[in-house]
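I have placed the structure first, in the form of structure tokens, so that the comments after it can refer back to it.
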Amino acid sequence: WIIVGIGALAVGASMGEICSAYPTAGGLYYWSAKLARTNGPMWAWFTGWFNLVGQIGVIASVDWALANYVLYSLKLLGWDDLRPTKWTVYVTYLILLAIHGLLNTYKVKLVKTLGDISVWWHVIGVAVIIVALLVAGNDATGTSGIFDFKNGTGWSFPGSGLYVGLVGLLLAQYTITGFDASAHVSEETHGAATSAPKAIVRSIWISAIAALAMNFVMLM
Numbered sequence: 006w007i008i009v010g011i012g013a014l015a016v017g018a019s020m021g022e023i024c025s026a027y028p029t030a031g032g033l034y035y036w037s038a039k040l041a042r043t044n045g046p047m048w049a050w051f052t053g054w055f056n057l058v059g060q061i062g063v064i065a066s067v068d069w070a071l072a073n074y075v076l077y078s079l080k081l082l083g084w085d086d087l088r089p090t091k092w093t094v095y096v097t098y099l100i101l102l103a104i105h106g107l108l109n110t111y112k113v114k115l116v117k118t119l120g121d122i123s124v125w126w127h128v129i130g131v132a133v134i135i136v137a138l139l140v141a142g143n144d145a146t147g148t149s150g151i152f153d154f155k156n157g158t159g160w161s162f163p164g165s166g167l168y169v170g171l172v173g174l175l176l177a178q179y180t181i182t183g184f185d186a187s188a189h190v191s192e193e194t195h196g197a198a199t200s201a202p203k204a205i206v207r208s209i210w211i212s213a214i215a216a217l218a219m220n221f222v223m224l225m
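Terminal number for the sequence shown in our numbering: 225, no gaps in between.
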């Protein structure tokens, strides 16, 4: 988490510097066109399509995880008929995709409100989890094993430790993403040349520090 946090901060700082020069809603693909020494439209095309594919993948994976959360929550509440299976997860997933599509199409103001709530929910929610684990947690292992390397995959081929370590970085990388969103809304932002870059960098270091604290207490 520490390695990925530092790396993401470096990427975000670089993106923030570019955003201060080109605070446009086009964001990444517009920057590619302006910064390319040759074939600007080609680089913009590739950047735009890679970004679109990534957005589709992120939305799909987030709603898939949410479908599992919804069904497990219902199971905890006693709805055993809706236990997570291949088909209940898939149908719930399709329903969530439809709801989110409709919200973003027809209820943009509601999405804005939910976004504002989400910011504080993440900050306060993480703080509550940290305090709860520190106060009410039992069978604590302490800090001795936090930095231990554990290969739980069962793979033991030459170089497997390095490979498992790299794969382990993916979850943290997946979590610290989307900070380019500040650039995409910069044209509706006052003082975009300074406020948008600050938002990019701030979103990374606040998330990295808060999640690092939560990772520590969860491992403890």
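Virtual Cβ for every residue (Gly too), placed ideally from N, Cα, C. A quick note: this is a predicted structure, and the numbers were derived from the prediction, not measured.
The Cβ neighbour count for threonine 97, taken over all protein chains shown within 10 Å, is at least 16; the residue is labelled buried. In the structure shown, glycine 10 falls within a helical segment according to DSSP collapsed to helix, strand and coil. About 18 Å separates the CB atoms of leucine 82 and leucine 101; that is not less than 8 Å, and the two are not in contact. Considering only Gly32, His189, Trp54, Val128, the residue with the shortest C-alpha distance to alanine 216 is Val128. Fully contained in the segment 71-135 are the following alpha helix (DSSP H) runs of length 4 or more, in chain order: 91-111. Secondary structure at serine 149: coil, using DSSP grouped into helix, strand and coil. In this chain, lysine 155 is not harboured by any alpha helix (DSSP H), its DSSP state being neither H nor E. Cα atoms of tryptophan 84 and asparagine 73: separation of roughly 14 Å, rounded to the nearest angstrom. With respect to the 9 Å criterion, tryptophan 48 and serine 37 are classified as neighbours on the basis of their beta carbons. Between serine 187 and alanine 201, the C-beta gap is smaller than 9 Å, which places the two residues in contact.
Using a Cβ distance threshold of 9 Å, leucine 76 and valine 94 count as a contacting pair. Check the Cα spacing between alanine 15 and each of Phe184, Trp125, Leu115: the tightest is with Phe184. Collapsing the DSSP output to three states places methionine 225 in coil. A Cβ-Cβ contact shorter than 9 Å links serine 191 with glycine 32.
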